[in-house]
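Colleague: The following block contains the structure, expressed as structure tokens.
In our numbering, the protein residues as written are -9 to 346.
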């Protein structure tokens, strides 16, 4: 039996593409194992799929000063030792990494154990974790044509992002019932990322009096970020995170307000959902979400409202403009050449496993 180790974690965006590959890998007869951090979000997301999960020590890779920068390298070294032992015990044919800090020791250990590693980079420019890991990979998958210039020639493959196929088969009626909504008002879906966004959450909540006049709103606000005072508000429902019902909620949504993580926006493209992107500020990140958002804006898939411009007034105005022009965004997405990447990535995995 062929065996593959999947790795990646820290946020849902480093896990959901792996989840999208699981059904096809099972169909092909792979024994699938997952390596993540001891208690990261990846453990919670992977366990329902019946994939054996192995936790290792991990340390966050930071570009800024922190006292933890002095201790986390020791956690990474410990994680490398743990990953190396797991790889020797499991004897995988191939490793697929979606990135995030927990993946670094796994990728480095994979190369040390002479197991071929394939990496997926979602953003337009590689993050720090993948920059460290890329020299140890045999192939590097990416989402944007612009990214090819940032990757080693001979390794880079433009694949797009694997999309969970179940997201394409949602039921609007089920979502109406789940949210307690009526069918006579359009629906906005707000997604702040798996960890939530205080800035986006606050802006949406301040705008509720105006937005609820014409829309119903489903707000995925992140763990611990619900507002108890708003429970029971007609036309507004909030959840920390949605799993099984997400495909139905996507089907119900007329427009989406979202952060601009690469996996999230690729899902919106596949679902052809007109969207307003509010990328994470360059002050709080390396600016990758801004690049992602502007690329989608240039292609006619999205509107963009940057954090520095985000107010109650600009948000309400942008929502109305997006909804009024939603047809043009749907047409642009429908005419996109970007296809789902599962077949391409699976072929790379099969090739790497065969050439081990």
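A virtual CB, placed ideally from N, CA and C, is assigned to each residue, including glycine.
From residue 278 to residue 141, what does the alpha carbon distance come to, in whole angstroms?
Modeller: 16 Å
Colleague: Of all the options 187, 220 and 69, which has the alpha carbon lying nearest to the alpha carbon of residue 45?
Modeller: 69
Colleague: Roughly how many angstroms separate the alpha carbons of residue 180 and residue 228, rounded to a whole number?
Modeller: 9 Å
Colleague: Just checking, does the region 182 to 193 make contact with the region 159 to 170 on the three C-beta pairs under 8 Å criterion?
Modeller: No, the region 182 to 193 is not in contact with the region 159 to 170.
Colleague: Which residues bound the alpha helix (DSSP H) around residue 17?
Modeller: 6 to 17
Colleague: Would you kindly work out how many angstroms separate the C-alpha atoms of residue 87 and residue 177, rounded to a whole number?
Modeller: 35 Å
Colleague: Taking the Cβ atom as the reference point for each residue, do residue 234 and residue 313 lie within a distance shorter than 8 Å?
Modeller: no
Colleague: Express the C-alpha separation of residue 247 and residue 258 in angstroms, rounding to a whole number.
Modeller: Each residue's CA atom was taken as its position, placing residue 258 and residue 247 some 10 Å apart.
Colleague: Using the C-alpha atoms, what's the distance from residue 158 back to residue 237?
Modeller: 7 Å
Colleague: In three-state terms, what does DSSP make of residue 235?
Modeller: coil
Colleague: Starting from the N-terminal side, write out each stretch of the alpha helix (DSSP H) that is 4 residues or longer and does not extend beyond the region 287 to 319.
Modeller: 302 to 314
Colleague: Candidates 156, 296 and 204: which alpha carbon is nearest residue 348's?
Modeller: Because the chain is modelled from -9 through 346, residue 348 falls outside the range shown and cannot be assessed.
Colleague: At what residue ranges does the region 90 to 119 contain a whole run of the alpha helix (DSSP H), taking only runs of 4 or more?
Modeller: 93 to 102
Colleague: DSSP puts residue 21 in a beta bridge; with which residues?
Modeller: Residue 21 pairs with -7.
Colleague: Which value, in whole angstroms, describes the spacing of the CA atoms of residue 132 and residue 121?
Modeller: 13 Å
Colleague: Out of 18, -6 and 30, state which residue places its alpha-carbon closest to the alpha-carbon of residue 4.
Modeller: 30
Colleague: Kindly list the residues whose CB is nearer than 7 Å to the CB of residue 196, restricted to its own chain and excluding five residues on each side of it in sequence; keep chain order.
Modeller: 302
Colleague: Could you please give the first and the last residue of the uninterrupted beta strand (DSSP E) stretch that includes residue 129?
Modeller: 129 to 132
Colleague: Cutting at 7 Å between CB atoms, please list the residues of its own chain near residue 323, excluding the five before and the five after it.
Modeller: 259, 262 and 291
Colleague: Return the residue from the list 332, 250 and 311 that minimises the CA-CA distance to residue 114.
Modeller: 250
Colleague: My understanding is that residue 295 touches residue 108, with C-beta atoms under 8 Å, so please give their C-beta distance in whole angstroms.
Modeller: About 35 Å separates the Cβ atoms of residue 295 and residue 108, ruling out a contact at the 8 Å cut-off.
Colleague: Using 7 Å as the cut-off, classify the Cβ of residue 118 as near or not near the heavy atoms of the ligand SAM, replying yes or no.
Modeller: Here there are no bound small molecules, and the ligand SAM is not part of this structure.
Colleague: Report the option in 326, 270 and 102 whose CA atom is closest to the CA atom of residue 286.
Modeller: 326
Colleague: By DSSP's criteria, residue 265 is part of a beta bridge. Which residues make up the other side?
Modeller: 246 and 292
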